[in-house]
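>
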Amino acid sequence: MRHPGSQEWENLAEQFDMGWQKEVMECFQKYTEKTPGSFIERKRCALTWHYRPSNPELGERMSRECQKELMATVGKAWDVEVMTGKANLEVRPTFINKGSIAKRLVDAYGKEVGQAPEFTFCAGDDTTDEDMFRSLNNSELNVNHVFTVTVGASSKPTLAQWHLLEPMDVISSIALLGGGDTNVADLGPVGVIEGKSREDMMGKIEALDMIPGAPSTGEGR
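Numbering of the sequence shown is given in my numbering, commencing with residue 57 and proceeding in unit increments.
1) I need the straight-line Cα distance from ALA69 to TRP134, nearest angstrom please.
2) Would you mind stating whether THR104 and GLU146 have Cβ atoms separated by less than 7 Å?
3) Are the stretch 176-185 and the stretch 100-118 in contact at 8 Å, needing three or more beta carbon pairs?
4) How long is the line joining the alpha carbons of THR140 and THR184, rounded to whole angstroms?
5) What does a CB cutoff of less than 7 Å around SER253 pick up in its chain, not counting 5 residues either side in sequence?
6) When you compare only the Cα positions, how much space is there between GLU66 and HIS59?
7) If you count every other CB in all the chains shown that lies within 10 Å of the CB of GLY234, and 16 or more means buried, which is it?
8) From the DSSP output, in three-state form, read off TRP105 for me.
9) Is LEU215 helix, strand or coil by DSSP?
10) From the DSSP secondary-structure annotation, give me the bridge partner or partners of TRP65.
11) Can you give the Cα-Cα distance for THR206 and THR150, rounded to whole angstroms?
12) Out of LYS159, GLU125, PRO213 and ALA158, which one is the CA nearest neighbour of GLU79?
13) Given this structure, state the Cα-to-Cα distance separating LYS43 from LEU215, to the nearest angstrom.
14) Thinking just about the alpha-carbon of each residue, which of ASP225, THR204, LYS154 and TRP218 is nearest to the one in MET57?
15) Count the other CB atoms, across all protein chains shown, that sit within 10 Å of the CB of MET127; report buried if there are 16 or more and exposed otherwise.
16) Please go through the same chain and pick out, in chain order, the residues whose beta-carbon is closer than 8 Å to the beta-carbon of SER94, but skip the five residues on each side of it.
17) Please confirm whether ALA158 and SER191 have their CB atoms less than 7 Å apart.
18) Could you tell me the alpha carbon to alpha carbon distance between GLN77 and ALA102, rounded to whole angstroms?
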């Protein structure tokens, strides 16, 4: 994590016993052998088992079995969580997730900068991003200035208050917030915000029709 105004990164896992990784690695290796095409990714503070290249049905079944085994062993012995993602299974310390980081950053702005963020835009397309949405939705920030945005199919269950279909729509939205137009890098138009001034975007965003072709309802989804 990097604090506001700082150029230095803080390793949050520095004081945490990472002995759980050995047990998780052994479990992941067992399921990798059972699931052709799957592989293990070692991150700074987490271990992730990916099965996207595998047979979808086999991958899902092995993932459920692996998760059940980890929850009954490592999950009970260590302060870690077993998370399902997009064709992956990840184990990480409970205090290192996107939700806790979002909360730490918001708190840091209040304590270190002297005031809470005036505007917060948080977007993601993965199930692990729901931690961020939950944290920001429950924060003490002005709800009118917090925009939690999920990216993907409009039918997906989410805690986010807003919705975009494609990653390119995120780029267009950010460009518009920065004072540009929605036709950024020839990505094509996206109906994002009604209002022409930056002040309108910050304080009087009345309609975010982030799903192309959707009517202007003034509601998040």
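Backbone N, C-alpha and C define an ideal beta-carbon position, used for all residues, glycine too.
Checking against the coordinates, here is how it stands:
1) 14 Å
2) yes
3) no
4) 8 Å
5) Because the pLDDT of SER253 is 32, which lies under 50, any placement of that residue in the model is unreliable, and the number read from its coordinates should be weighed accordingly. If we look at SER253 and ignore the five residues flanking it on each side, it has no Cβ neighbours.
6) 8 Å
7) exposed
8) strand
9) coil
10) ARG58
11) 22 Å
12) GLU125
13) With the chain covering only 57 through 277, there is no way to say anything about residue 43.
14) LYS154
15) exposed
16) TYR87, THR88, TRP105, HIS106, TYR107, PRO109, SER110, GLY115 and MET118
17) yes
18) 8 Å
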